[in-house]
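Trainee:
Number of protein chains: 2
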Amino acid sequence: MAVNIKQALLGRRLDTEALADQAISKPVGLAVFASDALSSTAYATEEILVILAAAVGGGAATMWTTGGTILGLSAPIALAIAVLLVIVTISYRQTIYAYPNGGGAYIVARDNLGEIPALIAGAALLTDYILTVAVSISSGVAQIISAFPALLPYKVEIAVGVILLITVVNLRGVKEAGRLFAIPTYFFLGMMFLTLGVGLIRALTGNLPTVTEVEAIHHAVVEPLTIFLVLRAFSSGCTALTGVEAISNGITAFKEPRSRNAATTLVVMTSILIPLFLGITFMANQIHAVPSHVETVISQIGRTVYGGGNPLYYLVLAATALILLMAANTSYAGFPRLAALQAADGYLPRQLTHRGGRLVFSWGIVALASLASLLVILMNASVTALIPLYAIGVFLSFTISQTGMAVHLRKVGKLKPGEVHQGLEASINHDKRWRLKLVISIVGAISTFVVMIVFAVTKFTSGAWFVVLLIPAMVAIFLRINRHYQEVAHALSLQGVPVDTEIRPVQTLILVDDVHAETVRLVNFAKSLNHPWRAVHIAANPDKVETVKAKWKSRIGEGELVIIPSPFRQLAEPLHNYIEQVRTEQPDGFIHVIMGHLVMDTYWEQGLHHNSAYLLNLALTGMDRVVVTMVPYQIHHEQDDDGKKILVTQDEKRAQEAAKAAAEAEAQDS
Amino acid sequence: MAVNIKQALLGRRLDTEALADQAISKPVGLAVFASDALSSTAYATEEILVILAAAVGGGAATMWTTGGTILGLSAPIALAIAVLLVIVTISYRQTIYAYPNGGGAYIVARDNLGEIPALIAGAALLTDYILTVAVSISSGVAQIISAFPALLPYKVEIAVGVILLITVVNLRGVKEAGRLFAIPTYFFLGMMFLTLGVGLIRALTGNLPTVTEVEAIHHAVVEPLTIFLVLRAFSSGCTALTGVEAISNGITAFKEPRSRNAATTLVVMTSILIPLFLGITFMANQIHAVPSHVETVISQIGRTVYGGGNPLYYLVLAATALILLMAANTSYAGFPRLAALQAADGYLPRQLTHRGGRLVFSWGIVALASLASLLVILMNASVTALIPLYAIGVFLSFTISQTGMAVHLRKVGKLKPGEVHQGLEASINHDKRWRLKLVISIVGAISTFVVMIVFAVTKFTSGAWFVVLLIPAMVAIFLRINRHYQEVAHALSLQGVPVDTEIRPVQTLILVDDVHAETVRLVNFAKSLNHPWRAVHIAANPDKVETVKAKWKSRIGEGELVIIPSPFRQLAEPLHNYIEQVRTEQPDGFIHVIMGHLVMDTYWEQGLHHNSAYLLNLALTGMDRVVVTMVPYQIHHEQDDDGKKILVTQDEKRAQEAAKAAAEAEAQDS
């Protein structure tokens, strides 16, 4: 039944060879990998306005009349960000061709810059995957609340609920997730361009009002308009660039020719992203949108363009909420893949490389969902509170990735046509424009590095300090994990130590709690092993000892039953001490402890039994050459001759079946 | 280190024979078992006023001027409750003498009324232990909030935190808990009688003002003053009786002579409880206290008697909060004891009978704390919301207990002096007043039964319905659990089925993931067992198969290595299928699966390994005559010759130690 529920929830499991069929087309790839980047337009403009408003102060009604020039700075800031986006896109397009098997910052850095830069990139990317989920979900919930302000008190609960939902969808596997998520992405694009179009027409015809009845955020202290403040606003807006790298991380998910399909998708994405971001910023300026804790800028645009009660207004918000909630999916594709990559290199626990029944990295998905939920709860699902943690990692990985590409291009560029150096030849179509490409990568690396420094400095006190500390801490952990695996591998390598092939004596101890059918099975197994054995009873309950002794004598009637005192009513410690005593009798042999374990048909019945064998087993793992055997003894539900439900042991069931078979055989004979 | 932390937190563990020394004196017994009953005076008066206020309506300022007569009904209601208390006390005093080994309602009912009444009493008591914790803690936190209203938003968090604290204290064992809790009980009594005394003097000298500046609860709709409403107020006030039965449940905790010490403690408790409850109700009337969500009646009394800023006012609240928080301790003594009793009779999971290292029933304590915390969270730590769930179970158990005592007294009373019938003679000092005692028990049973019906009817819609449904549901669960244990005992009883003593063939399968030092150990053990063996590798990762085969050949070089395909990358299922296939070769033998398990020195290192042996072990428990051996292989931290930390296997460590011993022996020889 458990299997059925799992299958209903997560879909049928897939064969390893079915992996190739999971590849996705360009339109689906755009939906899967671009939803993060596209959806960031839903909050980037708003976060620019939040910072600029600090230099205006006051309430909604007067914000634009007194501070129009200041808030209007959002337009040139957005333009600067668009230029940055073009640079990054061109640079990443080169990466996609150079690394057709997936060129995330981690891989590019590992191949070109060495271990530490790769681990820094890995740490930055993992952090940002988690933050993408937290920010996207929080912003999505903010859109829902703009439409239904009554839900405000439940925003954290809604956000965590949505994370849970996306987690289940993703455990089903990437293809289904892609298909499911294609609809919201295109729905969002359709609604947004419709809204911007209608707004533009109304603005050109002088027919577009400004927004009314918004409860703006209120800055009690008005800050002076400094370069620092403008840079802070620029940093916030740079969140529009988050997610651009997703396609280059996920090239392997595309259909062949992978690189070309992925590169095309990247260019299409940026071509959509720039007009969308600039359009939203332009429209926000037109309608005099104000930053608010209750209503998002997208909602203000929709409400002003269509009017508050218009169904199209609700469709805009629904589309925005959907793409944001789905944008988290980018991370669900990327995080487990990167974690598995790092785990395979021995920098994260090996369990992360384990592929689940649905060809996804189940452990990674669960880890991502847990950490993102934690962040949402801690930050109360506030986008503005999460932003300072966010883009620093993105720009750090941009910088590392493009620096790595510069090194790569230089090495490849210096090769003569046809020459192979460290397997590099195949990885790039050698052409004479390599110097131009190198320049692009260097420009990209420098500009993203500058943005990262700006971000770290301007956002340091409001949260970036945490990421600045977190990333080196993560790198240290990666290195420590790696050292452990290397040490274990070395210890287990069978080098230097003679292989122990000696046949050793085996002393069997049967652990006896009470004497009944299960005990008979234990003795039966011990005798079948044909090594010296004795039974051991730990007297945790002194009142029971005499009964156990008597039962042993009458029902087993052979072998030695040792009673171990246990004044502190414990099981593990007296057993441990007794084994050490047996060890002195036989220092080089194996001590073989046999324990029984009653197995019931249902979980609730299993829960009514002590199940102590597991704990005892765990308690003895530290002892050398002490091995523990668990002998399960099943008790089944059966119907007796009157149709009444009863419990029977495995032995009885066998006896019944044998009797039945014999009776049938006899019936056939006659 | 884990052991050290446990000891620091929970104290040294105790020998079974130290159990007798844990007995407590009368003053400590009063503190431990009476804190529940005494502390209920902190809310009983208030809860009467809450109900009566519904017939007054309006706010604090006018409540007494318009509804003085109605609120004044609290005095006669309190008097009626005091009479009921006297009846119950006399009746329970008889129980204490009749059941010197602890005469909770469960035992009295089991001995005199049969299984079902006993289980009803058990269910009622368990429910009420949980509610005692929830109500006492919630009321205690309400007192704290009266003094510090700023804490209001955190009341649920504070309440849950306090439950956690008391849980830790109680896991240390009953004697320490008793000593620790004696101080607050006597502190509370001292402060309350001082306050009532000062208040009385001020009232007699015409010097006691009425309370001011209270935000009273506001009833929008004024209810008519019906008999039903008065009975509802009476029901609420009956919560003053909760906890009276605690002493009779815990007689065994007292020093010898147990019965006399316990009975004296009970009488002393009631002698304190009645003047306290009546005094508080009288004083509430004098100062015109009003029910409020923000300030408790105790706080209003203290504030009016001493003045708001007076240190004595804060001491009153501190004392009340402390005794209430500590009152939960009654349940921590009673709940695990009763649960263990019912578990020993087979009506609850057997784990509940397990005595922890500190002679308390750790599992029961943990269960109690979890359920009480859940209730506090669900009911938002509101006493008024919890009350309708509360007293119904108390009065149900009172009724059952006293009915049982009536049956008991009738049986014993009919015996001639010295005559023994079903072991009853020793259990009661036979005297000629048994008819009087019988009448007392019958009067007690009838009056508590009437109160229970009144409670169930008047509180039905506000929450009592839940308990009315819960108690039969619990009884059904008890019966089902009991049936399971009986069925298992019957199945295991070795009756009717021939004892299987046959020596059977054993086929050994070694589960191989990779080939290294641990694998050598597995093969070493399998060979030492001297039964036919073969190695099995599950090809969850097809890329690895050839390497494993090659390593097997070069490093082990003997035996058969079977490769089991696993297209779905699973381990358990292919292994399961393979074992079923082996089973057909040898239908009656044992199949012995040997698995390795790497054991690290620290938890974090252990967490970096798959630890899949446990899961695989679990996955095979359902298979008959398939036994699983886990062979641990330890990897230790060591220092190499340069003092650098390295990891070495158990084999290397042994080899090193042997070499060292040899070198030392040689040095000694020369």
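Same order as they appear, the protein sequences are chains A and B.
No gaps in the numbering here: position 267 of the first sequence is 262 in this note's numbering, and each next residue is one more.
No gaps in the numbering here: position 535 of the second sequence is 530 in this note's numbering, and each next residue is one more.
Cβ atoms here follow ideal geometry from the backbone N, Cα and C, with glycine treated the same way.
Quick one: give me the first and last residue of the beta strand (DSSP E) that B:Thr624 is part of.
Mentor: Run containing B:Thr624: 621 to 634, per the beta strand (DSSP E) assignment.
Trainee: Give, in chain order, every residue of the region 226 to 255 of chain A whose Cβ lies closer than 8 Å to some Cβ of chain B.
Mentor: Within the region 226 to 255 of chain A, no residue qualifies.
Trainee: Starting from B:Val136, trace the alpha helix (DSSP H) in both directions and tell me its first and last residue.
Mentor: 110 to 142
Trainee: Please tell me whether A:Ala512 has its Cβ less than 8 Å away from any Cβ of chain B.
Mentor: yes
Trainee: Look up A:Ala386 in the DSSP assignment and say whether it is helix, strand or coil.
Mentor: helix
Trainee: Short of 9 Å Cβ to Cβ, which residues in the region 569 to 595 of chain B face chain A?
Mentor: The region 569 to 595 of chain B vs chain A, Cβ under 9 Å: Gly584, Phe585, His587, Ile589, His592, Leu593, Val594, Met595.
Trainee: Is B:Thr644 close to chain A? Criterion is C-beta to C-beta, closer than 8 Å.
Mentor: Cβ-Cβ to chain A under 8 Å: yes for B:Thr644.
Trainee: Got a sec: is the Cβ-Cβ distance from B:Val355 to anything in chain A below 8 Å?
Mentor: Its pLDDT being 45, under 50, B:Val355 is placed unreliably in this model, and the value from its coordinates should be taken loosely. No, no contact with chain A.
Trainee: Taking the beta strand (DSSP E) that B:Lys640 belongs to, which residues open and close that run?
Mentor: 640 to 644
Trainee: Between B:Gly24 and B:Phe249, is the Cβ-Cβ spacing less than 8 Å?
Mentor: yes
Trainee: For the alpha helix (DSSP H) that A:Gly24 lies in, which residues bound it at each end?
Mentor: 21 to 34
Trainee: So, helix, strand or coil for A:Glu659, using DSSP?
Mentor: Of the three classes helix, strand and coil, the one that applies to A:Glu659 here is helix, per DSSP.
Trainee: What is the DSSP secondary structure of B:Ile533, reduced to helix, strand or coil?
Mentor: strand
Trainee: Do you know offhand how far B:Val666's Cα is from B:Val557's?
Mentor: Outside the displayed range of chain B (-4 to 665) lies residue 666 of chain B, so it cannot be described from this structure.
Trainee: Pick helix, strand or coil for B:Ile275, following the three-state DSSP scheme.
Mentor: helix
Trainee: Which of the three DSSP states is assigned to B:Thr503 in this structure?
Mentor: In the three-state reduction of the DSSP assignment, B:Thr503 falls in the strand class.
Trainee: Should B:Val531 be flagged as near chain A, meaning a C-beta pair shorter than 8 Å?
Mentor: no
Trainee: Cβ of A:Ile360 less than 8 Å from any chain B Cβ?
Mentor: A:Ile360 does not count as touching chain B.
Trainee: Below 7 Å on C-beta distance, what does A:Phe473 contact in chain B?
Mentor: Within chain B, no residue comes near A:Phe473; the closest Cβ sits about 12 Å away, beyond 7 Å.
Trainee: Quick one: does A:Phe520 have its CB under 8 Å from some CB of chain B?
Mentor: Closer than 8 Å to the CB of A:Phe520 there is at least one CB belonging to chain B.
Trainee: Could you list the residues in the region 318 to 342 of chain A with a C-beta less than 7 Å from some C-beta on chain B, going in chain order?
Mentor: Flagged: no residues at all.
Trainee: In terms of residues, what are the limits of the beta strand (DSSP E) holding B:Leu220?
Mentor: No beta strand (DSSP E) holds B:Leu220; DSSP gives it neither H nor E.
Trainee: Bridge partners of A:Ile558, per DSSP?
Mentor: Looking at the DSSP assignment, A:Ile558 forms a beta bridge with A:His532.
Trainee: Within its chain, find whatever has a CB closer than 7 Å to the CB of A:Arg405; leave out the 5 residues flanking it on each side and keep chain order.
Mentor: Leu433
Trainee: Cutting at 8 Å between CB atoms, please list the residues of its own chain near B:Thr259, excluding the five before and the five after it.
Mentor: Lys21
Trainee: Hey, how far is the Cα of B:Asp635 from the Cα of B:Thr644?
Mentor: 13 Å
Trainee: Locate the beta strand (DSSP E) running through B:Leu593, then write down its first and last residues.
Mentor: Unbroken beta strand (DSSP E) run through B:Leu593: 585 to 594.
Trainee: Would B:Ser365 count as contacting chain A if we go by Cβ distances under 8 Å?
Mentor: no
Trainee: If you follow the alpha helix (DSSP H) that B:Gly359 is in, where does it begin and where does it stop?
Mentor: Element bounds for B:Gly359: 357 to 373.
Trainee: Run through DSSP, which three-state label would B:Thr18 get?
Mentor: Reading the sequence as shown, one finds Ala at residue 18 of chain B and not Thr. B:Ala18: coil per DSSP, three-state reduction.
Trainee: In the DSSP assignment, find the unbroken alpha helix (DSSP H) run with B:Ala248 in it and report its ends.
Mentor: Taken as a continuous stretch (DSSP letters only), B:Ala248 belongs to no alpha helix (DSSP H), as it is neither H nor E.
Trainee: In the region 609 to 633 of chain B, which residues sit with their C-beta less than 7 Å from some C-beta in chain A, listed in chain order?
Mentor: So the list reads Asn612, Thr616, Gly617, Asp619, Val622, Val623, Thr624, Met625, Val626, Pro627, Gln629, Ile630, given in the order they occur along the chain.
Trainee: Once DSSP output is grouped into helix, strand and coil, what is the label at A:His213?
Mentor: coil
Trainee: Determine the DSSP secondary structure at A:Ser665, reduced to helix, strand or coil.
Mentor: coil
Trainee: Closest Cβ-Cβ distance between B:Gly352 and chain A: below 8 Å?
Mentor: In this predicted model, B:Gly352 has a pLDDT of only 43, less than 50, meaning its place in the structure is not dependable; the value taken from the coordinates is given anyway. Answer yes: the Cβ-Cβ gap between B:Gly352 and chain A drops below 8 Å somewhere.
Trainee: Measure the beta-carbon distance from A:Thr237 to A:Tyr385 and round it to whole angstroms, keeping in mind my assumption that it falls under 8 Å.
Mentor: 7 Å
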